[in-house]
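*Asks:*
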Amino acid sequence: GDADVLTDAQRQGLWLYESRGRCWRCHSGPNFTDERFHNSGIGSGRETPDPGRMAVSKRASDRGRFKTPTLRGVGRTAPYMHDGSVKTLRDVVEFYNKGGVRNPQLDPLIRPLELDETEVGFLVEFLKALDGEWP
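Last residue of the sequence shown: 136 (our numbering), numbering continuous.
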């Protein structure tokens, strides 16, 4: 809650997180997760796409949906995504900046962010700030 502990780059990243990045739509609340399942397209291009939540629900509409992870400590949890296919935080932000991977079940919340390289860097710096100790 104290923005004064953030660097200028991290504050810029926080602004992007809460505005143009739209990150808060899925990564919200005290745990930075909506506790819901979303399809970002990871694994959808495989010969046999990852089933995701569909493996449990048996609903075709849940194919490729995975639970939104917390962002607490995210800088220390590489590799990323359910299958470890995204190696760095910067790669994660660039993945979402491109709008994920198009597929029939792509979550409507996932769309290109249109951030430039500097803004991508700011967002990465904010995410790294979430690695701090929490009460």
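Where a beta carbon is used, it is the ideal one built from N, C-alpha and C, also for glycine. Because the structure is a prediction, the values reported are computed rather than measured.
What would DSSP say about K68, mapped onto helix, strand or coil?
*Replies:* Locating residue 68 in the sequence shown gives position 67, where the first residue counts as 1. In the structure shown, K68 sits in a strand (DSSP, three-state: E or B).
*Asks:* Quick one: what does DSSP say G122 is sitting in, helix, strand or coil?
*Replies:* Translated into positions along the sequence shown, residue 122 becomes position 121. Three-state DSSP puts G122 in a helix.
*Asks:* Exposed or buried, which one is D3 when buried takes at least 16 other CB atoms within 10 Å?
*Replies:* Within the sequence shown, numbered from 1, the residue matching residue 3 stands at position 2. Result: exposed.
*Asks:* Along the alpha helix (DSSP H) that carries Y18, what are the first and last residues, could you check?
*Replies:* Against the sequence shown, residue 18 aligns to sequence position 17. That run of the alpha helix (DSSP H) goes D9 to E19.
*Asks:* What's the C-alpha gap between D117 and H39?
*Replies:* Sequence index remark: in the sequence shown, residue 117 carries index 116 (1-based). Sequence index remark: in the sequence shown, residue 39 carries index 38 (1-based). Rounded to whole angstroms, D117 to H39 spans 25 Å at the Cα level.
*Asks:* Just to confirm my understanding: we take Y81, look at its own chain, exclude 5 residues before and 5 after, and list those with CB closer than 6 Å. What are they?
*Replies:* Translated into positions along the sequence shown, residue 81 becomes position 80. Around Y81: V87 and V93.
*Asks:* Is the Cβ of G122 closer than 8 Å to any Cβ of chain C?
*Replies:* Included in the structure is just one protein chain, with no chain C present.
*Asks:* Who are the Cβ neighbours of W25 in its own chain at under 7 Å, not counting the five residues just before and after it?
*Replies:* Along the sequence shown, one-based indexing puts residue 25 at 24. Excluding residues within five positions, the ones whose Cβ falls inside 7 Å are Y18 and E19.
*Asks:* Helix, strand or coil for V6? Go by DSSP, reduced to three states.
*Replies:* Your numbering for residue 6 matches position 5 in the sequence shown. Three-state result, V6: helix.
*Asks:* Assign G133 to one of three DSSP states: helix, strand, or coil.
*Replies:* Walking along the sequence shown from the start, residue 133 turns up at place 132. Coil at G133, not helix or strand.
*Asks:* With DSSP run on the structure shown, which of helix, strand or coil describes V87?
*Replies:* In the sequence shown, the residue the question calls residue 87 occupies position 86. Strand.
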